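In this note's numbering, the protein residues as written are 33 to 234.
Positions of the beta carbon are idealized from the N, C-alpha and C atoms, including for glycine.
Here the structure is a predicted model, which means the values were calculated and not measured.
Taking it in order: structure first as structure tokens, then the write-up.
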């Protein structure tokens with residue numbers, strides 16, 4: 033009976049590991065987690081993160097700062113309570129630019145705000161064309177920091193990221209340095225953020 037139990041139980045464990053591996057190690061960047069940290073609670077968080085990542089609208093940016101490689105120069109773009117800003121000449125003149133227009137499209141589920149209106153004198157046709165191309169060339173973006181809220185199944189948590197350093201108000205994060213919300217954001221933001229690294233259990 034004991035051997036039969038092992039033969040029955042093992043596929044379930046293997047399936048769980050496969051699900052974890054698919055989430056942790058996608059074709060692009062993934063979460064770096066030591067095998068020794070794969071206890072039941074961590075597996076549960078990873079599976080929950082995978083579900084969260086399929087619903088990016090759960091996260092809402094309150095602020096962020098990034099560098100954007102334009103056609104002619106590199107610009108700094110920020111979003112905060114005061115709205116958008118970009119160091120490019122177009123934004124300085126019109127209060128809107130193709131860089132921000134591209135970000136409005138790329139980050140649409142996470143912004144929850146109306147797009148900036150077109151401005152008098154703006155070359156709308158040219159800017160729309162550039163913005164569309166930029167949305168397909170996402171390696172132009174280098175995300176340095178952000179703050180956001182994340183609507184979990186039980187409550188809303190607050191996440192920050194700054195040059196590879198994560199924080200979260202989730203209790204699990206305080207214990208393990210990672211949580212389902214940070215893992216979901218890593219999957220949503222892909223190569224724009226440094227992977228969450230989780231060490232072995234103490």
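Within the segment 123-170, note down every full alpha helix (DSSP H) run reaching 4 residues or more, in order along the chain. 130-138, 140-143, 156-167
How would you write the range of the beta strand (DSSP E) that residue 188 sits in, first residue to last? 188-194
Measuring straight from C-alpha to C-alpha, what distance separates residue 144 and residue 92? 7 Å
Three or more C-beta pairs closer than 8 Å, one from the segment 205-219 and one from the segment 82-101: is that the case here? Yes, since at least three Cβ pairs between the segment 205-219 and the segment 82-101 fall closer than 8 Å, the two stretches touch.
Residue 64: buried (16+ other C-beta within 10 angstroms of its C-beta) or exposed? The pLDDT assigned to residue 64 is 49, lower than 50, so where the model puts this residue is not dependable; a value taken from the coordinates is nonetheless given after this. Counting Cβ neighbours within 10 Å, residue 64 comes out exposed, since fewer than 16 surround it.
Reference residue 127; option with closest CA among 109, 138, 137: When only C-alpha atoms are compared, the closest one is 109.
Residue ranges of each alpha helix (DSSP H) within the segment 67-105, 4 or longer: 72-85
Taking the beta carbon of residue 130 as the centre, do at least 16 other beta carbons fall within 10 Å, making it buried, or is it exposed? buried
Coarse secondary structure for residue 226, derived from DSSP in three states: coil
How would you write the range of the alpha helix (DSSP H) that residue 214 sits in, first residue to last? 212-221
Is it true that the CB of residue 172 sits closer than 7 Å to the CB of residue 100? yes
Answer yes or no: do residue 97 and residue 179 have a C-beta to C-beta separation smaller than 7 Å? no
Segment limits, beta strand (DSSP E) that includes residue 179: Its beta strand (DSSP E) spans residues 173-183.
Using DSSP's beta-bridge definition, name the partner residues of residue 108. 99
How long is the line joining the alpha carbons of residue 67 and residue 184, rounded to whole angstroms? Here residue 67 scores only 43 on pLDDT, less than 50, and its place in the model is too uncertain to base an answer on.
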